[in-house]
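Take the sequence shown: its letters are residues 64 to 285, numbered as in our numbering.
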Amino acid sequence: MNELSRGKRWTWTEIRPDGVVGFVPGSNAMNMAQGFGLYLTLQRAVKGKGAVVPYPGHMHGYHAKHGDTFQDILAKMEIHTALHPETCGNGQAFNITDAQKPVTWAELWPRLCEHFGLVGSEPSESPQDLGAFVKKHEDVWRAIATKYGLNEELVAQQGWGHTQYMIVDFDFDRQMDLSKARSVGFKEEIDTAQGYLIAWERMRAAKILPPSEALDSLQSRI
């Protein structure tokens, strides 16, 4: 890229996110927010409001530091670099996550579960595989999908190996330094849990997840 852009009017920049949290209208098998949304919807439907849902990994992963990247933050960083080639171009690389301060699943998991009327807790002695739970209850998803006009095959299309990897197996400190992004004037941040909630609302609007007001009727209906 450096050779191709040398002497030209264009330049380029590399943007380095962590796991991207967001929504795409056509669904995406590697969308971890979609995977978590489907998993927690099924947990609510199967176990009911107020059910305890342990983090599906191990204690060291529960407390490992990371920084997810909400799609709007990523897009705004890309726009910022495009508008400031004089400070961001020439093949420079920039880390980008939701905030300079990293998060842990110990902080996020209870808040994500709460959005579905569930109680998120620390890992159990025998962690539950996300894909195995979903496969066991595919019939429940089909019933939900039929009632609300959703994709009946969505849980089968989701890449559960990737979802499991991102929340369970990616279990080491991997926080990113955002000082370079800050040095070129990009200051925007978002609360990581809020990024998930926005993504889920976009999925509901696109009929990927059932409407939030349906959560209270899921278990009684099934």
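Virtual Cβ for every residue (Gly too), placed ideally from N, Cα, C.
Quick check on residue 236: buried or exposed, where buried means 16 or more other Cβ atoms within 10 Å of its Cβ?
exposed
Suppose the cutoff is 7 Å on Cβ atoms and the five residues either side in sequence are ignored; what does the same chain contact list for residue 64 look like?
75, 154
Who are the near neighbours of residue 96 in its chain, counting only those whose CB is closer than 6 Å to its CB and skipping five residues on each side?
84, 259, 262
Using three-state DSSP, classify residue 117 as helix, strand or coil.
strand
Residues of its chain near residue 125, where Cβ-Cβ distance is below 8 Å and the 5 sequence neighbours each way are ignored
118, 167, 168, 169, 172, 185, 186
Assign residue 257 to one of two classes, buried (16 or more other C-beta atoms within 10 Å of its C-beta) or exposed (fewer than that).
exposed
Output needed for residue 197: all residues of its chain with C-beta closer than 8 Å, excluding positions within five of it in sequence on either side, in chain order.
101, 102, 105, 204, 218, 221, 223
Between the alpha carbons of residue 272 and residue 193, how many angstroms are there, rounded?
17 Å
When burial is assigned at 16 or more other CB atoms within 10 Å of the CB, is residue 67 buried or exposed?
exposed
With C-beta atoms as the reference, is residue 137 less than 8 Å away from residue 78?
yes
Whole-angstrom Cβ separation of residue 86 and residue 266, contact assumed at under 8 Å?
5 Å
Note down, one range per segment and in chain order, each alpha helix (DSSP H) of at least 4 residues found wholly within the stretch 173 to 217.
193 to 199, 201 to 211
Hey, residue 279 and residue 110 are a contact pair by Cβ (cut 8 Å); roughly how many whole angstroms apart?
In fact, because the Cβ distance is near 14 Å, the residues do not count as touching under 8 Å.
What residue range is occupied by the uninterrupted alpha helix (DSSP H) comprising residue 227?
223 to 227
Is it buried or exposed, residue 89, if we count other Cβ atoms within 10 angstroms and call 16 or more buried?
exposed
Exposed or buried, which one is residue 268 when buried takes at least 16 other CB atoms within 10 Å?
exposed
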